[in-house]
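Student: What follows is a single structure, and I will ask about it in a moment.
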Amino acid sequence: HINNVGAIILALFPPPTTPFDPVIQSVQNLHVSILSFANFLSRLLSGLLSDLLATRFLIPRIHFTFLAALLMIVACIFGAWWVKNVSDLMWVTVLVGCSYGVAWTAAPVLVGEYFGSRRFAFHWGVMTIVPAVGGQLMSLYFGLVYDANRIVPDEFWDVIGGSSVKPCRGTKCFAPVYAFGAALSGL
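Those letters in the sequence shown? Residues 1345 to 1531, by my numbering.
And the structure:
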């Protein structure tokens, strides 16, 4: 979501809007800001809540990783089957931001608890690299879905010149990617 929200927003706007349209750029900036704020707020709240639940009620912090996965599953289900316009996409952005915040708050504590401080740097490094690889692979899949559903120019030379390249429009441009993301988050 975070890597492709700009293209998703463009897909939800009717033609003839372009990526350079000030309205598109404004909505894209708004989604980035909302995702960042939801991430910040969920980090703050989940950190406080996980400490409280772990110390007072002996509830393991690992439960917060399940919460993060559940938030991402719900976000992806909304993105795949519920989003029909940019207003609907706002909820997906909020849920994705919250999921990231909860996951990245719980992760360093869990690495320390499960692997200890002796090899913390190695295990934490692995945990921070693996999502980057997954994000790139999901972006590649998004690009394949997006391009497969674009209006294709009539001639090869139009692609080279850029005169007839059309952006993808509608939910078909991204819904399969969210469905696949929901399945992966469930693993």
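We treat Cβ as the ideally placed atom computed from N, Cα and C, and that holds for glycine.
Give the DSSP-derived three-state secondary structure of N1383 in the structure shown.
Tutor: Note: N1383 maps to helix in three-state DSSP.
Student: Can you give me the Cβ contacts of V1477 inside the same chain, cut-off strictly under 7 Å, excluding the 5 residues immediately before and after it?
Tutor: Excluding residues within five positions, none has a Cβ falling inside 7 Å.
Student: For C1512, which residues in the same chain have their Cβ closer than 7 Å to its Cβ, ignoring the five residues on either side in sequence?
Tutor: Here the set comprises A1355, Y1490, N1493, R1494.
Student: According to DSSP, simplified to helix, strand and coil, what is C1517?
Tutor: In this structure, C1517 counts as helix in the three-state DSSP scheme.
Student: Enumerate in chain order the residues of its own chain whose CB-to-CB distance from V1446 is below 7 Å, with the five nearest sequence positions on each side excluded.
Tutor: Correct list, in chain order: S1386, S1390, F1408, L1411, A1412, L1415.
Student: Give the C-beta separation of G1441 and F1518 to the nearest angstrom, bearing in mind that I take them to be a contact with Cβ-Cβ under 8 Å.
Tutor: Contact flag wrong, Cβ pair sits at about 17 Å.
Student: Using the C-alpha atoms, what's the distance from T1362 back to A1526?
Tutor: The straight-line gap from Cα to Cα measures roughly 29 Å.
Student: Mapping DSSP to helix, strand and coil, what is R1494?
Tutor: Correct three-state label for R1494: coil.
Student: Please say whether L1379 and T1437 have beta carbons closer to each other than 8 Å?
Tutor: In contact: T1437 and L1379 (Cβ atoms closer than 8 Å).
Student: For I1346, does the three-state DSSP call read helix, strand or coil?
Tutor: Looking at I1346 - three-state DSSP - the assignment turns out to be coil, as it is neither helix nor strand.
Student: Are the CB atoms of Y1485 and V1521 nearer to each other than 8 Å?
Tutor: Against a cut-off of 8 Å, the Cβ pair of V1521 and Y1485 comes out as a contact.
Student: Confirm, please, whether the CB-CB distance from M1471 to A1451 is below 8 Å.
Tutor: Their beta carbons are under 8 Å apart, which means A1451 touches M1471 by this criterion.
Student: So D1432 is in the alpha helix (DSSP H); what residue range does that whole segment cover?
Tutor: Counting along the chain, the alpha helix (DSSP H) containing D1432 begins and ends at 1430-1459.
Student: Output yes or no for whether 8 Å exceeds the beta carbon distance between R1405 and V1453.
Tutor: A contact, by the Cβ cut-off of 8 Å.
Student: Ignore the nearest five residues each way along the sequence and tell me which others in S1529's own chain have a CB closer than 7 Å to its CB.
Tutor: These residues qualify, in order along the chain: A1413, M1416, I1417, C1420.
Student: Along the chain, where does the alpha helix (DSSP H) that runs through T1409 open and close?
Tutor: Per DSSP, T1409 belongs to the alpha helix (DSSP H) from 1406-1425.
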